[in-house]
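Chemist: Encoded as structure tokens, here's the structure I'll be asking about.
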Amino acid sequence: YLHLYRVPALHPHSHPHPPLHNVSSSNSYPHLPRKTTRHHHHGHGHGRARTISDLPDEILINILSMLPAQRDHRAMCLVSRRMNKVADPVLYKNILFDQPHHHLTFSESLLTRPRRGSLIESIRVDYPSSELSDFMHVHHSPISNRIVDPFSRTISTMSNLEHLKVSVPESLCKGIGALFDGPFDLACLKSCSLFYQCDDGGYWDLQDNIQVFSHPTLESLTIRRARLDERGFDSLEKPSETELKVLHLIECDINDDALSDILLHPEALKEISITQLEKPHPPLEESPDNIEDYILALPQHSLESIIIDFPSLRGKSALRMREFEELKTLELRDYQLFGEGSPRLHSVGFPPNLELLTFLNRVGQDDEIAELLAYTIENKMIVARSLQYMAVANEEHDLPGVIEEACSKTGFELQFG
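Position one of the sequence shown corresponds to residue 1 (the UniProt record's numbering), numbered consecutively onward.
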């Protein structure tokens, strides 16, 4: 329907263009006033020319949502004050604050448009410490002991926020963490990513944001470069069952007892990944040395995917994972699965429904592990009958002969690279 409407001039005091006229000849009927006829397109409408401003709000919002670029949204907002107001649900649906100044400017705009915060569904806050110091004014709330700052207070106004991604200086950690410690802030949150930049490049204290694990609607959580000691939930109030389905711990230093504590509360955690550098910096203080300590901390009844990309975790003995009945995907290193102790007194207890096993290192550098892996392939129908795919970090020509022979004998194909 856009061809039926004319956009008014951009000047705020201008009016729609005058209608086109069909003027009769000046020599015909000179005693009669000239007759003007307003042209209508396809017979629609009577009276003044129709403009885009005559459209209902719902149609205008649909038009704005189909514009491909942000600059097009801004151009449309210049058309009229009404268009500017109608554009809010589109302009503020997804927000990026990459400078503290932008964050504070938005905060000030809430004084005149307090409902604007409730329009936001997704926000990313990402700026370094060097840009924050001139704007930071932290104080304690007069009605509680909660830390209040203008940045976290702005986020608290986003009552319909579903996706939050935070990468900001550590000085904002307590303020944002307080948003998770109440029944009203961020009540619709579904996914969250947290990273607080420490001046010394160290780990931030996850205890300051621990209540994020008790959020009732949160389904996906990513924690980057955090440290958590054995306290876990250091509170008498334990959270009820939560909706958390996916947890990513990236380059974190997490105590295994604390991990067990916080994973008691998700009703049905489906996916977890724990990743760390080959040479962590700063050195780890809370993480266990043995991968089995992390495995024992995980919920067995619901997990479908486990990824542990943590080279420094050792394996004292073969893992026993038969209780993970829902597990479909497992990624780790061969020495973590089969163990490093010798002689190996028991075999791996594979999850009964495991379909994809991925080794994140070159398999078979340990001769005994190569033989155990070959045995697993040859006896797959007994020890891992649901296994369909096995991926290794080796190149195809770089596979131990005993494993090649087992694959040739059984017709089992490995995935390389």
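For every residue, glycine included, the Cβ atom is placed at its ideal position computed from N, Cα and C.
In angstroms with no decimal places, state the Cα-to-Cα distance between F106 and L206.
Modeler: F106 and L206: Cα-Cα distance of roughly 28 Å.
Chemist: Can you list, in chain order, the stretches of the alpha helix (DSSP H) that have 4 or more residues and sit fully within the region 316-381?
Modeler: Counting whole runs of 4 or more residues, the region 316-381 contains the alpha helix (DSSP H) stretches 334-338, 367-378.
Chemist: Quick check: I403 and G364, are their CB atoms within less than 7 Å of each other?
Modeler: Closer than 7 Å, so yes.
Chemist: Helix, strand or coil: how does DSSP classify L93 here?
Modeler: Before going further, note that residue 93 is Lys rather than Leu in the sequence given. Coil, per DSSP.
Chemist: Assign D289 to one of two classes, buried (16 or more other C-beta atoms within 10 Å of its C-beta) or exposed (fewer than that).
Modeler: D289 is exposed by the Cβ-count criterion.
Chemist: Taking all protein chains shown into account, decide if H215 is buried (16 or more other Cβ within 10 angstroms of its Cβ) or exposed.
Modeler: Its Cβ being crowded by 16 or more others within 10 Å, H215 is buried.
Chemist: When you compare each of V168, L360, H301 to P100 by their alpha carbons, which one comes out closest?
Modeler: Nearest option by C-alpha distance: V168.
Chemist: Ends of the alpha helix (DSSP H) at Y294?
Modeler: 291-297 is the extent of the alpha helix (DSSP H) around Y294.
Chemist: If you check the beta carbons only, do L259 and A297 fall under 7 Å apart?
Modeler: Taking 7 Å as the Cβ cut-off, L259 and A297 qualify as a contacting pair.
Chemist: Distance check for R227 and D398, CA to CA, integer angstroms please.
Modeler: The straight-line gap from Cα to Cα measures roughly 38 Å.
Chemist: Could you give the distance in angstroms between the alpha-carbon of L247 and the alpha-carbon of L78?
Modeler: In a straight line, the C-alpha of L247 is about 43 Å away from that of L78.
Chemist: Does the beta-carbon distance from L189 to T217 come in below 7 Å?
Modeler: Contact: yes.
Chemist: Taking G315 as the reference, which of D181, Y294, S305, H281 has the closest Cα?
Modeler: It is Y294.
Chemist: Using 10 angstroms around the beta-carbon of S408, count the other beta-carbons present and answer buried if the total reaches 16, otherwise exposed.
Modeler: S408 is exposed by the Cβ-count criterion.
Chemist: Using the Cβ count rule (16 or more neighbours within 10 Å means buried), how would you classify T112?
Modeler: It counts as exposed.
Chemist: Can you tell me where the beta strand (DSSP E) holding S390 begins and where it ends?
Modeler: Before going on, a small fix: residue 390 reads as Met here, not Ser. Taken as a continuous stretch (DSSP letters only), the beta strand (DSSP E) holding M390 covers 389-391.
Chemist: Of the choices A391, K245, S305, D149, whose alpha-carbon is the least far from that of L264?
Modeler: L264 has its Cα closest to that of K245, out of A391, K245, S305, D149.
Chemist: Per DSSP, I52 forms a beta bridge with which residues?
Modeler: BP columns for I52 are empty, so no partner.
Chemist: F416: buried (16+ other C-beta within 10 angstroms of its C-beta) or exposed?
Modeler: So F416 ends up on the exposed side.
Chemist: Would you grab the beta carbon distance between residue 428 and L330 for me? Rounded to a whole angstrom, and I think it's under 8 Å.
Modeler: Residue 428 is absent from the model: the chain starts at 1 and stops at 417.
Chemist: Can you tell me which of the three DSSP states L221 falls into?
Modeler: Of the three classes helix, strand and coil, the one that applies to L221 here is strand, per DSSP.
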